[in-house]
Amino acid sequence: MSWMNIFSSSSAPKSSIPPTTALQQQRLKQIDTLKNFHHNVTEVQRDIEYRITFYVHGATMSFNVTLPPQFPNEKPVVTVSPPIQHPWVNDQMVVVGCPSLNMFYMHSNLGKAIQDVIKEFCDGHPPQFLTPPSSTIPGSLPSSNLSGYQPSSTSSFTGYQPLANPYSPMSFSPSSGSSTMFSGLSGTMTSTVMSTQVDSSNNARRPVVSSEFPGLNGLSLKELKDLNDDVKLIDEFIKNNMESLKQLHEKKDQVIKENEEIARYNLSLQPKFEACKDSILQCHALLAEKTQNFAQQSQKQKDLSETYSLRNIHTNMEVAASEADQDSEEIADRYLLGEIKTDEFIQTFMEKRKLCHLRRAKEEKLRNIHTHF
Numbered sequence: 002m003s004w005m006n007i008f009s010s011s012s013a014p015k016s017s018i019p020p021t022t023a024l025q026q027q028r029l030k031q032i033d034t035l036k037n038f039h040h041n042v043t044e045v046q047r048d049i050e051y052r053i054t055f056y057v058h059g060a061t062m063s064f065n066v067t068l069p070p071q072f073p074n075e076k077p078v079v080t081v082s083p084p085i086q087h088p089w090v091n092d093q094m095v096v097v098g099c100p101s102l103n104m105f106y107m108h109s110n111l112g113k114a115i116q117d118v119i120k121e122f123c124d125g126h127p128p129q130f131l132t133p134p135s136s137t138i139p140g141s142l143p144s145s146n147l148s149g150y151q152p153s154s155t156s157s158f159t160g161y162q163p164l165a166n167p168y169s170p171m172s173f174s175p176s177s178g179s180s181t182m183f184s185g186l187s188g189t190m191t192s193t194v195m196s197t198q199v200d201s202s203n204n205a206r207r208p209v210v211s212s213e214f215p216g217l218n219g220l221s222l223k224e225l226k227d228l229n230d231d232v233k234l235i236d237e238f239i240k241n242n243m244e245s246l247k248q249l250h251e252k253k254d255q256v257i258k259e260n261e262e263i264a265r266y267n268l269s270l271q272p273k274f275e276a277c278k279d280s281i282l283q284c285h286a287l288l289a290e291k292t293q294n295f296a297q298q299s300q301k302q303k304d305l306s307e308t309y310s311l312r313n314i315h316t317n318m319e320v321a322a323s324e325a326d327q328d329s330e331e332i333a334d335r336y337l338l339g340e341i342k343t344d345e346f347i348q349t350f351m352e353k354r355k356l357c358h359l360r361r362a363k364e365e366k367l368r369n370i371h372t373h374f
């Protein structure tokens with residue numbers, strides 16, 4: 002037995018996993034849309050129940066999305082936690098007023114439908130909590146305390162650590178030893194605020210700053226404002242955190258250097274870009290020329306098709322047969338008048354009659370073909 006027979010005779014083990022049905026595939030697609038639209042999705046029971054956590058005006062809420070057996074042919078059941086009062090929610094905390102959920106069918110989008118409910122709670126009609134909310138949004142500040150604040154940008158460059166956008170520096174005059182290097186300290190200190198934490202003693206929000214200034218973590222917003230307005234306190238803070246400030250400036254210089262390198266690289270690509278641009282323009286001109294040539298050839302083909310159409314050929318053959326018949330009649334008339342001799346008459350008359358009958362036969366054949374097609 003050859004090796005080929007050995008390998009061909011061996012059969013691969015069949016998979017014991019049953020193939021997915023069309024309904025199961027649609028079900029998985031809807032679950033994928035739920036995960037794509039929402040990041041805080043927890044799988045409670047695979048392919049059956051999912052929990053989505055979100056925040057409404059500082060309060061934590063969650064949706065329990067239950068998928069019935071015939072989903073997505075059947076609409077999902079969405080329950081709300083904690084208990085609230087809202088026009089879209091009934092006494093059993095089930096969402097019943099969302100049009101996207103009420104009209105849900107196979108080609109709907111589950112993630113978009115849940116997003117519509119969250120948008121209604123956040124931007125449309127805020128819910129009224131029947132019990133105190135369990136928690137607040139971690140890492141956020143009230144909008145009134147974030148006037149002019151913009152979150153830090155991100156970058157994928159190696160070694161780059163983004164800083165928050167600084168405010169415009171305050172107009173103060175620190176000591177002569179630090180006035181040049183740290184003139185924008187107030188903006189830098191303010192821009193390092195990244196999140197907040199709750200003080201259990203007075204329930205007031207305290208800003209949590211980045212690791213560069215750990216001494217500011219325990220200060221309240223009022224204390225930070227006082228520090229920002231007091232020149233002496235700022236000078237003292239600068240002296241105590243000189244190394245951290247130097248590191249911030251080193252990071253700033255590093256980011257500037259990386260941006261310059263990226264700019265140089267982009268400029269180095271300009272010749273290649275110009276070459277591609279010229280190539281595209283040439284291709285566009287060639288396309289226009291080919292398009293015009295194609296239009297001319299198409300018109301020529303159309304004219305020839307009309308000229309050599311079956312109907313035109315049949316009409317021309319009918320006219321030619323009539324002309325041959327008329328020529329033979331003229332020859333006979335001339336013979337009767339004695340204008341031509343007998344031998345010449347017989348020769349010319351027979352040729353014209355033969356040509357006439359041949360054209361008549363072709364004309365009848367073309368007529369039959371034209372009638373059938």
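For what it's worth, the working numbering labels the leading residue of the sequence shown as 2, then goes sequentially.
Ideal Cβ placement from N, Cα and C applies to all residues, glycine included.
A quick note: this is a predicted structure, and the numbers were derived from the prediction, not measured.
Check, Outcome
"Secondary structure of tyrosine 51, DSSP reduced to three states", "strand"
"Segment limits, beta strand (DSSP E) that includes methionine 62", "60-67"
"CB contact flag (valine 81, valine 96, <8 Å)", "yes"
"Selection from Lys226, Pro127, Ile115 that minimises the alpha carbon distance to isoleucine 85", "Pro127"
"Cutoff 6 Å; reference asparagine 6; Cβ partners in own chain excluding five residues on either side", "For asparagine 6, the pLDDT reaches just 44, beneath the cut-off of 50, and the residue's location in the model is therefore unreliable, although a value from the coordinates is still provided. Answer for asparagine 6: no residue qualifies."
"Separation of asparagine 41 from proline 70, as counted between CA atoms", "24 Å"
"Rounded C-alpha distance that separates histidine 358 from glutamate 340", "25 Å"
"Test item: CB-CB of phenylalanine 105 and proline 77 under 8 Å", "yes"
"Inter-residue spacing [alpha-carbon to alpha-carbon] between glutamine 327 and alanine 333", "10 Å"
"Alpha-carbon spacing of glutamate 307 relative to asparagine 313, whole angstroms", "8 Å"
"Isoleucine 85, DSSP secondary structure in three states", "strand"
"Of the listed residues Leu356, Leu220, His39, nearest to glycine 120 (C-alpha basis)", "According to the sequence provided, residue 120 is lysine. The question's glycine does not apply to it. For the residues Leu356, Leu220, His39, the minimum Cα distance to lysine 120 belongs to His39."
"Threonine 80, DSSP secondary structure in three states", "strand"
"Endpoints, the beta strand (DSSP E) within which aspartate 42 is located", "According to the sequence shown, residue 42 is valine rather than aspartate. Looking at the DSSP string, the run of the beta strand (DSSP E) that includes valine 42 is 42-46."
"Pick from Thr132, Leu131, Asp117 that is closest to glycine 125, judged by C-alpha positions", "Asp117"
"Best match in Asp48, Asp279, Leu311 for proximity to leucine 367 [C-alpha to C-alpha]", "Leu311"
"Nearest residue (CA-CA) to isoleucine 32, options Ala23, Ile49, Thr22", "Ile49"
"Pick from Glu319, Lys240, Arg354 that is closest to serine 329, judged by C-alpha positions", "Arg354"
"Contact set for alanine 362: own chain, Cβ-Cβ below 8 Å, skip 5 residues either direction", "none"
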